[in-house]
Every structure is written in structure tokens, then in C-alpha cells.
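Oh and the sequence shown: position 5 is 728 in the numbering used here, straight run, nothing missing. Working notes, structure below.
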Amino acid sequence: MKCKQCHKELITWLEGSASQEKREAVEAHLAVCAGCREFAGYLRETLALAAAEVKVEEDPWFYTRVKARLTWKTQTTAPPARGKSSGQALAGLLQPAFFTLLLLLGIYGGIRLGGAPHRQNHPPLITEAPVPWMDEMNAEPLETFLMQ
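Given below as C-alpha cells:
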């Protein structure tokens, strides 16, 4: 048996599900090949770790819950009430409508307030006066100053 064939058969050999002749062939190859023995040891450790992680705890009430749900599905056509009264259902519908209306009123009020100063004729709060040292049209160019 070659190493490649041995690697293919190692998992079935480690699990104990290999046939008698494949098991004997793998064991014979592992007796002479140190690399495959090392790989088999590594694979054994890996499978042991995977087996330890796979343990699933069983829920003792799982069957009872499934049976109750299947019985309910076959006996009723409508789902059971979720505990909401008609008042709660109405409040659930009116609450988004109320907040939407409140938001629209806030936007409208903001637009009205934001546009209010522009409609009235108030004198401007800040007047622009030319600063004498920043008036570029009347200032002497820098080149003329430096040339003198």
C-alpha cells in the first residue's frame, strides 16, 4: 500500500469501520512508514478533539413541545391569540400616525420660523464698511513700495 492510499483509509481505520483486509493493509503500512504513523497519530488527536466538541445535550422536553405543536396544528386552523386586546391593537396603529403627524408639524413650524425674518424689513444687524488698509483698489501696489 502506498502512502496516498493509506491516508485515504486512515479515518475509516481509526473509526473502526474499515474492512478486515483494508485494516490489515493499513496496519502493515503503518508498521513500515514513520511519516504515516506520525500522520495517523495527528489524525487520532484531531478526531478525539472533534468528538469531544460534538457532544450535544438533549432537551428532555423537546419531544413534548413538538408533539404539542403538531397536535395544535391539526386541531386548529387559526393561530392562538397573542394576548392583545382591541385597545392595544388600536394603540399600535395610532401611535405611528401620531408621531408622523407630530414630525410633519415640527417641519412645517421650522420652515415658517426659518423664513420669518426674510419677509420683514429689518435693518441689517451687521453693516459692511470698507477697511482703509484692506482696500486694494486704492492701495499702493507692493512692488512700488519695494522699488523705492
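The C-beta atom is built at its ideal place from N, Cα and C for all residues, glycine as well. Please read these numbers as outputs of a predicted model, since none were measured by experiment.
According to the Cβ coordinates, are residue i and residue j closer than 8 Å?
i	j	result
Arg760	Leu737	no
Leu721	Val749	Because the chain is modelled from 724 through 871, residue 721 falls outside the range shown and cannot be assessed.
Leu753	Ala763	yes
Nearest-angstrom Cα distance between residue i and residue j?
i	j	result
Asp782	Val789	12 Å
Arg835	Gly829	10 Å
Thr794	Gly815	32 Å
Pro819	Leu825	10 Å
Gln743	Thr799	56 Å
Gln811	Ala791	29 Å
Leu703	Lys778	Outside the modelled stretch of the chain, which goes from 724 to 871, sits residue 703, for which no answer is possible.
Phe821	Gly832	16 Å
Cys729	Ser740	15 Å
Thr797	Thr787	15 Å
Lys745	Ala774	24 Å
Leu827	Ser809	28 Å
Glu780	Leu817	46 Å
Lys731	Tyr765	14 Å
Glu747	Phe785	44 Å
Glu776	Thr735	20 Å
Nearest by alpha-carbon distance to residue i: which of the options is it?
i	options	result
Gly758	Leu817, Lys725, Glu744, Ser740	Lys725
Lys876	Gly739, Cys756, Gln743	Outside the modelled stretch of the chain, which goes from 724 to 871, sits residue 876, for which no answer is possible.
Can you find a CB in chain C that lies within less than 8 Å of the CB of residue i?
i	result
Cys759	The structure shown contains no chain C, having only a single protein chain.
Practice task
Starting from the N-terminal side, write out each stretch of the alpha helix (DSSP H) that is 4 residues or longer and does not extend beyond the region 729 to 797.
Solution key: 743 to 755, 757 to 776
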